[in-house]
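> Encoded as structure tokens, here's the structure I'll be asking about.
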Amino acid sequence: MNFTKILNMQSELDRNIEKAHNVTGEDLTNRKIVALIVEIGEFANEIRPFKYWKKTININEDLVKEEFVDGIHFFLSLTLNIGNSPIVEPIIISDDQNIQLATLFEETSKLNSNFEKEQLAKAFGIYMGMAKLVGLKEDEIEKFYIEKNRVNYERILNGY
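This is how it looks when you write it as structure tokens:
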């Protein structure tokens, strides 16, 4: 995946969102962290590894990709805030998706009290490891990111 390309796209999108919502210059870090945690939860809800009580689990691959890309949006935005490298190495803590997700939530939540480059890189790496565990390919992620970026611009134009 060309992280530099999508990081540049995210930078431009962030500027447009901040301008459209009159929050240019505000520190949005904590709000972005909360939004990221929510998006990770929405992604988890689409892949459903924790839903042991359901006999049939139908997974909509497009929704999985869409929710994953929503998380990428906030990881990239936070990367821009802190000035991290656009290169992200996937980290797989466990082949068990539930353990990977629990660790992802834990490490992402640590950003509230420890918003440092290393912590962000670790959480982002675990997120990208999650992509590998669910079979998402980097080219698919990039394609869906570009599409979601287009949708986000439409939303700005429509006063979302």
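Oh and the sequence shown: position 42 is 42 in UniProt numbering, straight run, nothing missing. Here a beta-carbon is modelled for each residue, glycine too, at the ideal position from N, C-alpha and C.
(1) Is Y153 helix, strand or coil when you go by DSSP?
(2) Output needed for F74: all residues of its chain with C-beta closer than 7 Å, excluding positions within five of it in sequence on either side, in chain order.
(3) Going straight from the alpha carbon of T29 to that of I82, what length do you get?
(4) Should T79 be labelled buried (16 or more other beta-carbon atoms within 10 Å of its own) or exposed?
(5) Work out the CA separation of H21 and D139 for me, nearest whole Å.
(6) Find the nearest neighbour of I92 within the set S85, I141, T103 and F68, judged by alpha-carbon distance.
(7) Relative to the C-alpha of E106, which candidate in K19, I17 and G41 has its C-alpha closest?
(8) Using 8 Å as the Cβ pair cut-off and three pairs as the minimum, do the region 52-70 and the region 130-147 touch?
(9) Which whole-angstrom value is the C-beta distance of P86 and G129, which I expect to be below 8 Å?
Taking the structure as given:
(1) Y153 falls in the helix class under three-state DSSP.
(2) These residues qualify, in order along the chain: K32, A35, L36 and E39.
(3) Distance between the alpha carbons of T29 and I82 is about 9 Å.
(4) buried
(5) If I take the Cα positions, the gap works out to 31 Å.
(6) Checked all of S85, I141, T103 and F68; the closest Cα to I92 is T103.
(7) G41
(8) Three or more Cβ pairs drawn from the region 52-70 and the region 130-147 lie within less than 8 Å of each other, which places the two stretches in contact.
(9) At roughly 17 Å, the Cβ-Cβ gap does not stay under 8 Å, so P86 and G129 are not in contact.
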